[in-house]
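Step one of this worksheet: look at the structure below.
Number of protein chains: 2
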Amino acid sequence: MSYRGASKQFLDSQDISIGDKIRITKKDVSYEGMVLERAEDADEKHIVLKLASGYNVGLDILDAEAKLLEKGEKPKIELQPLEIEKDGKKRDISIISTGGTVASIIDYKTGAVHPAFTADDLLRATPELLEHANINGEAILNILSENMKPDYWIKAARSIADEINNGAYGVVVAHGTDTMHYTSAALSFILDTPVPVVLTGAQRSSDRPSSDAFLNLMGSVTAAKSDIAEVMVCMHATEDDSYCYLHRGTKVRKMHTSRRDTFRSINTQPIAKVRNGNITILDENQEYKKRENGEVKLQDNLEPKVAFIKSYPGISGEIIDYHIDKGYKGIVIEGTGLGHCPDYLIPAVNRATDSGIPVVMGSQCLYGRVNMNVYSTGRELVSAGVISALDMLPETAYVKLVWTLGQTDNMEEVRKIMQTNLKGEIGAKSSQKFF
Amino acid sequence: MSYRGASKQFLDSQDISIGDKIRITKKDVSYEGMVLERAEDADEKHIVLKLASGYNVGLDILDAEAKLLEKGEKPKIELQPLEIEKDGKKRDISIISTGGTVASIIDYKTGAVHPAFTADDLLRATPELLEHANINGEAILNILSENMKPDYWIKAARSIADEINNGAYGVVVAHGTDTMHYTSAALSFILDTPVPVVLTGAQRSSDRPSSDAFLNLMGSVTAAKSDIAEVMVCMHATEDDSYCYLHRGTKVRKMHTSRRDTFRSINTQPIAKVRNGNITILDENQEYKKRENGEVKLQDNLEPKVAFIKSYPGISGEIIDYHIDKGYKGIVIEGTGLGHCPDYLIPAVNRATDSGIPVVMGSQCLYGRVNMNVYSTGRELVSAGVISALDMLPETAYVKLVWTLGQTDNMEEVRKIMQTNLKGEIGAKSSQKFF
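Chains as they are written, first to last, in full-length UniProt numbering: chain U, 1 to 435; chain Z, 1 to 435.
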């Protein structure tokens, strides 16, 4: 999280470091301020200064000149604790950070440089949140979400459970977007929550004018105060900053590398939209779990030794054998079409099921429902004991198998759990909704 | 491709076999005819009879009674060859069948039971095609497309090349839908074609009232006569039977398990639509390769030992090591977000690239563009030598690496080819088009 490329050379050439006070001159305009860190996803062309006014400004280094005014320390800012009185009329919402682009809002806006954030950091950066709730913030991880793993799902689930059991009216989880949908599915199965649990993130960090962090965070706090007691993902519904969708945690997927409205509900519609502090349920016929009193229930045994294999023309059956021999406890195949893989894989699949290793079939189509009863390859897979993921997303099927094998290793129980709708992950009938 | 379940029991109980002449009585109505085979995707509740009129009828076995009238042979129908004179005013279009649901139209409508189809079978089933072209048909494979593999891509490419070099004005390829987009990408790279090559298929076979086979086949013949000399996929554009889209073979993907409009162009729009024998280019600014004279060029060396690995939370780095040790020549990772995988995979990725095994990074988001310069994990992957798939579909990136490694094993040449747009697989800039 520092300068690189051209902007690094620019600073190095004047022996300028982060924390130094400098003057940057571009034509007739000069800016004086302290050199700040850049966000993780920043470009190489800008220097960011914190001006005396408190505002931060990003300056293009093209045709710019820099002058060192005063050497400074890398700002290990020791800000005074905020003394915010709890407002008895407002709800208590907890925000748990795991890292990712949305968390970088904090470092940038405060100028603080530390890996974790506190409630104070969060509120200095986004004081608007206080208008809507009493905020309690905690950083439990600071990772990019491609590094998420089942152990961290457990850690997050336990922290969320603690917050709820300590009285939080709802919980927001700040998370990187890459694997947010895997985590939202995992938390859906692990937690039986009486209050909303809302994952949110950002596609662009807050030192970019196009950052989506603010709307997503505000929408998430609104969602956390709602009566929808499910694990959800709250992210931009459109490319502009008008409103967010609340997606069911088991039915959502990141579908675009860079767009702000990258998250989409698949095989269903989002539960609700959030605009200006208001929640609108999208379909009154779609059921959702209502807020209730009581403690959260936690089933956090997971079996991380589950393989997730994409089928493709040319795949070798040896890849199944490899996972069997390596002691994997379950296999999810992301098949083609209605849930197929090459028929020459079937002997290896048989070997897996004969060894007590459940094999689940999802579809790389993503939309629609697995149906292995239509074509002969599917019927052979059924005969080999393969379990249909039905209309579960393949990612959700993978997460669910990791969770299910944490609850039982009985093959028939695994089959039954996988094919029973627990957290909205399986639709009652085939959805024809498409885009 | 025969009866099963309840309908099998129904026939077996009367000792009735395919080819027998029987009478089925339901309440006051009786039907006499010959028992036909069912299509691959047929249900278990119907018996299909060929009536004396020549029509086929599907009869629900519920409350039905059957009586055997005359034992018959399984109809190894030896139909007289059609004597169709070539129409000098019409274009010569070749239809090559590889199998799949679309090919089942033939067996069903003719009552013939044989694995291959001939031009005559095709024309008996779909005589309307003759109004639009002189049709030359050939069956080169009869497989469900989940069983497609690189060797078959070569076989199909060579057959197509033969047809073109023997004077075909355009070629239609009947193909199962599961992996049609892998094959269309493969044919795009293997063939440099002066005429259209159009893959088509069906989501539902022709003994179902909702079959999409007819419109897709008719649209494909229209496309094969057009001036678009590219490898394309021609499939339903909507859920009804109104028109088809022509998708570029490298930019298309099966996106729904069962809908007729399952194929979607990703990160671009379809090249054209086909309605009632007319082609409409969708965007006059989108370039396409125009029909030309001359022979087809064939570059059909492939390297089938390429791994295609989906990244997920909990994946083990050992899966990379496994493929290195097994002698794989290339690896495509379907990463998360902008093109990431867990950072703990990076040592294994380094080992691959150090061993001269190119590693290509695509995104499981599908939409958008890989950009490994934004976050630290991506930059570390770039340092490890990972090649960006840019805005290629991960499936296309896999197919392209199979093809590229057939042309060269020089790492820098592989990188250059993978990142050069050859057949419309890479867009000039990031597409924000989404659904």
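The C-beta atom is built at its ideal place from N, Cα and C for all residues, glycine as well.
Query raised in the report: Leaving out five residues before and five after L11/Z in sequence, what residues of the same chain have Cβ atoms less than 8 Å from its Cβ?
Result: Hits under 8 Å: Y3, S17, V35, I47 and A66.
Query raised in the report: Between the Cα of T25/U and the Cα atoms of L69/U, D241/U, R38/U and E37/U, which residue gives the shortest distance?
Result: Measuring from the Cα of T25/U, the nearest candidate turns out to be L69/U.
Query - Coarse secondary structure for K429/U, derived from DSSP in three states - result: K429/U sits in coil when the DSSP states are folded into three classes, being neither helix nor strand.
Report task. Note the first and the last residue of the continuous beta strand (DSSP E) segment covering V29/U. Result -> From DSSP, the beta strand (DSSP E) with V29/U extends over V29 to V35.
Query raised in the report: At least one CB of chain U closer than 7 Å to the CB of T193/Z: is that the case?
Result: False, the Cβ-Cβ gap to chain U never drops below 7 Å.
Query raised in the report: Who are the near neighbours of R351/U in its chain, counting only those whose CB is closer than 8 Å to its CB and skipping five residues on each side?
Result: I320, D321 and I324, listed in sequence order.
Query raised in the report: For K423/U, which option in D409/U, F434/U, V399/U and E412/U has the closest C-alpha, if you only look at C-alpha atoms?
Result: Of the candidates D409/U, F434/U, V399/U and E412/U, the one whose C-alpha sits nearest the C-alpha of K423/U is V399/U.
Requested in this report: May I ask you to verify whether the stretch 133-151 of chain Z touches the stretch 162-182 of chain Z, counting CB pairs closer than 8 Å and requiring at least 3?
Outcome: Because the criterion of three Cβ pairs below 8 Å is met, the stretch 133-151 of chain Z and the stretch 162-182 of chain Z touch.
**Report entry** Nearest neighbour of E44/Z, chosen from H256/Z, D28/Z, G33/Z and K8/Z [CA to CA]
**Finding:** Ranking the options by Cα distance to E44/Z, first place goes to K8/Z.
Query raised in the report: Using a beta-carbon distance below 7 Å, is R158/U in contact with chain Z?
Result: No, no contact with chain Z.
Query raised in the report: Using 7 Å as the limit for Cβ to Cβ distance, is G19/Z near chain U?
Result: For G19/Z, the answer is no, since every Cβ of chain U falls outside 7 Å of its Cβ.
Query - C-alpha distance - K71/U paired with E32/U, whole-angstrom precision - result: Taking the straight line from one Cα to the other gives about 13 Å.
Query raised in the report: Who are the near neighbours of T377/Z in its chain, counting only those whose CB is closer than 7 Å to its CB and skipping five residues on each side?
Result: Hits under 7 Å: H340 and D343.
Requested in this report: Could you work out which residue in Q269/U, L191/U, K273/U and I61/U is closest to W403/U when comparing CA atoms only?
Outcome: Residue nearest to W403/U within the set Q269/U, L191/U, K273/U and I61/U is L191/U (criterion: CA-CA distance).
Requested in this report: Report all residues from its chain with a CB closer than 7 Å to the CB of G337/U; omit the five preceding and five following residues, and keep chain order.
Outcome: Contacts found: S363 and C365.
Query - Closer than 7 Å to chain U by CB, K433/Z - result: Interface with chain U (7 Å Cβ-Cβ cutoff): K433/Z is excluded.
Query raised in the report: Going straight from the alpha carbon of I93/U to that of G219/U, what length do you get?
Result: Between the alpha carbons of I93/U and G219/U lies a gap of roughly 13 Å.
Query raised in the report: So, is the C-beta of P304/Z closer than 7 Å to a C-beta in chain U?
Result: At least one chain U Cβ lies under 7 Å of P304/Z.
**Report entry** Contacts of D343/U in chain Z (Cβ-Cβ under 7 Å)
**Finding:** Taking a Cβ-Cβ threshold of 7 Å, the residues of chain Z close to D343/U are N147, in chain order.
Query raised in the report: Where does Y288/Z fall in DSSP's three states?
Result: DSSP places Y288/Z in coil when its eight states are reduced to three.
**Report entry** Rounded distance between the beta-carbons of E334/U and Y288/U, thought under 8 Å
**Finding:** Not confirmed; about 28 Å, so no contact.
Requested in this report: Mind listing the chain U neighbours of V402/Z? Cutoff is C-beta to C-beta under 8 Å, in chain order.
Outcome: Within 8 Å Cβ-Cβ: G314.
Query raised in the report: When DSSP builds the beta bridges, which residues end up paired with G137/Z?
Result: In DSSP, G137/Z forms a bridge with I95/Z.
Query raised in the report: Among the residues of its own chain, which have a CB less than 6 Å from the CB of residue 436/Z, if the five just before and after it don't count?
Result: Past the boundaries of the shown model lies residue 436/Z; chain Z is included only from 1 to 435, so the question cannot be answered.
Query - Of the listed residues N285/Z, S242/Z, V374/Z and A6/Z, nearest to G277/Z (C-alpha basis) - result: Closest by alpha carbon: S242/Z.
Query raised in the report: To the nearest angstrom, how far is it from the Cα of G88/Z to the Cα of A168/Z?
Result: Approximately 13 Å, taken between the alpha carbons.
Query raised in the report: What residues in the stretch 216-239 of chain Z have a beta carbon less than 8 Å from any beta carbon of chain U?
Result: Answer in chain order: E239.
Query raised in the report: In chain Z, which residues lie with their C-beta within 7 Å of the C-beta of N142/U?
Result: Simply none; closest approach about 12 Å.
Query raised in the report: Looking only at its own chain, which residues have a Cβ that is under 8 Å from the Cβ of P194/U, when we skip the five neighbours before and after it?
Result: The answer, listed in chain order, is I164, A229, R291, E292, N293, G294, E295 and V296.
Query raised in the report: Between D391/Z and the ligand PLP, is the CB less than 6 Å from at least one heavy atom?
Result: In terms of ligand content, the structure shown is empty, and the ligand PLP therefore cannot be addressed.
Requested in this report: Please confirm if Y367/Z has its CB atom under 7 Å from at least one CB of chain U.
Outcome: Taking Cβ atoms only, chain U reaches closer than 7 Å to Y367/Z, which makes this a yes.
Report task. Could you tell me the distance, in whole angstroms, from the CA atom of A116/Z to the CA atom of V173/Z? Result -> In this prediction, A116/Z has a pLDDT of 44, which is less than 50 and means its spatial position is unreliable; what the coordinates show is noted afterwards. If you take the alpha carbons of A116/Z and V173/Z, they lie about 14 Å apart.
Query raised in the report: By Cβ distance below 8 Å, which residues in the same chain neighbour M232/U in space, the five residues on each side in sequence not counted?
Result: Spatial neighbours of M232/U in its own chain (CB-CB distance under 8 Å, excluding positions within 5 residues in sequence) are listed in chain order as S184, P196, V197, V198, L199, A223, L246, H247, R248, G249 and I271.
Report task. For L405/U, go through chain Z and note every residue whose CB falls closer than 7 Å to its CB, in chain order. Result -> Residues of chain Z whose Cβ lies closer than 7 Å to the Cβ of L405/U do not exist; the shortest such Cβ separation is about 12 Å.
Report task. Drop a sphere of 10 angstroms on the beta-carbon of K50/U, count the other beta-carbons inside from all chains shown, and report buried for 16 or more, exposed for fewer. Result -> K50/U should be labelled buried.
Query - S383/Z versus D354/U: straight-line alpha-carbon distance, rounded - result: If I take the Cα positions, the gap works out to 43 Å.
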